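First up is the structure itself, then whatever we jot down about it.
In my numbering, the protein residues as written are 169 to 470.
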């Protein structure tokens, strides 16, 4: 008998996370990036707070656990999500999603460096494929690097990748186990939202609210409700049914969906070399993370 809840959860993660890059691009059209990131996380925190109060699960998590959540929030939400949002003010959503798909490479290299993962020639081959894909991306766009805005956007993306990879390795290294992920998520969202809103007022050149379009505001709300809350719950449910490695395969689907929607809705040009780059990067990341167990269904106790 098919588990329709699991199928729905997997489709939710794949589709929703695949649309976040597009939604960010639409949101930053009229709203400063740090406001998009900050309001998104703050709204998500309020939603989580409402759910926790409704379930009577809201409580203090202790200073030690709070420290873990603030570090994780800084790396994954403030740096990774925040810098990605800032980068999309100048870089297309399709290119952003493709470059962001390289984050597992950094996770792999960092894990090898600190002894969390063993070096293998198969993984090394996967890394070479990913770097080949990156070369295809920038081969025709080297002249664009002369544009300081574009160049800065690319730098922001690599900073975001570094933040995401560091947060992932931090979690692996400490082997942090959560008994109430919803509660931890509230503290993460709240901290990130407050910090990013402070950044918004400090670093935004102009935040004339009258210029914020309904389309951008709607995209920002979509990011908060679906990108930050719904997709997380779907992701968490999927982890109770299948292995984390199986769920991680969805990252490849996210990139394909993002590139397709960027072409379909935003009319972003997709060249043959861009498609080759996407294939190389997705295959490379798959090779790095491949494990025969990823296709075997098993229940994970959280």
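Glycine included, every Cβ here is placed at the ideal spot set by N, Cα and C. Treat the numbers as computed from the prediction; the structure is a model and nothing was measured.
query: Can you tell me where the alpha helix (DSSP H) with residue 180 in it begins and where it stops?; result: 172-195
query: From residue 197 to residue 283, what distance separates their C-alpha atoms?; result: 43 Å
query: Which residues in the same chain have their Cβ closer than 7 Å to the Cβ of residue 329, if we skip the five residues on either side of it in sequence?; result: 268, 270, 271 and 274
query: Count the other CB atoms, across all protein chains shown, that sit within 10 Å of the CB of residue 287; report buried if there are 16 or more and exposed otherwise.; result: exposed
query: According to DSSP, simplified to helix, strand and coil, what is residue 269?; result: coil
query: Less than 8 Å between the beta carbons of residue 181 and residue 406, yes or no?; result: yes
query: Which residues in the same chain have their Cβ closer than 6 Å to the Cβ of residue 301, if we skip the five residues on either side of it in sequence?; result: 445, 448 and 449
query: For residue 422, which residues from the same chain have a beta carbon less than 6 Å from its beta carbon, with the 5 sequence-adjacent residues on both sides left out?; result: 185 and 186
query: Assign residue 378 to one of three DSSP states: helix, strand, or coil.; result: helix
query: How do the segment 212-223 and the segment 349-364 stand: do at least 3 beta-carbon pairs fall below 8 Å, yes or no?; result: yes
query: Residue 178 to residue 246, Cα distance in whole Å?; result: 26 Å
query: Measure the alpha-carbon distance for residue 439 versus residue 236 and round it to whole angstroms.; result: 43 Å
query: So, residue 429 versus residue 190, is the Cβ gap smaller than 8 Å?; result: yes
query: Which stretch, first to last residue, makes up the alpha helix (DSSP H) that contains residue 241?; result: 231-241
query: Where residue 376 and residue 203 are concerned, what is the direct C-alpha to C-alpha distance, given to the nearest angstrom?; result: 11 Å
query: Can you give the Cα-Cα distance for residue 265 and residue 296, rounded to whole angstroms?; result: 19 Å
query: Relative to the C-alpha of residue 371, which candidate in 452, 206 and 195 has its C-alpha closest?; result: 206
query: Rounded C-beta distance between residue 487 and residue 390? I'm assuming under 8 Å.; result: What is shown of the chain runs 169 to 470, which leaves residue 487 out entirely.
query: What does the Cβ neighbour count give for residue 412, buried or exposed, with the cut at 16 atoms within 10 Å?; result: At residue 412, the pLDDT of 49 sits below 50, so the modelled position is not reliable and the matter cannot be decided from this model.
query: Using only alpha-carbon positions, find the residue among 225, 336 and 201 that is nearest to residue 387.; result: 201
query: Does the Cβ-Cβ distance between residue 397 and residue 321 come in under 8 Å?; result: no
query: What residue from 451, 319, 431 and 401 has the CA that sits closest to residue 193's CA?; result: 431
query: Mind checking which residues open and close the alpha helix (DSSP H) that includes residue 202?; result: 201-223
query: Taking DSSP as the reference, what is the three-state secondary structure of residue 463?; result: Confidence at residue 463 is low in this model, with a pLDDT of 49, below 50, so the placement of that residue should be treated as unreliable; the coordinate-derived value is given next. In this structure, residue 463 counts as helix in the three-state DSSP scheme.
query: Expressed to the nearest angstrom, what Euclidean distance is found between the alpha-carbon atoms of residue 261 and residue 435?; result: 11 Å
query: Apart from the five residues just before and just after residue 250, which ones in its own chain have a Cβ nearer than 6 Å to its Cβ?; result: 205 and 364
query: Measure the beta-carbon distance from residue 238 to residue 226 and round it to whole angstroms, keeping in mind my assumption that it falls under 8 Å.; result: With a Cβ gap of about 18 Å, residue 238 and residue 226 do not count as contacting.
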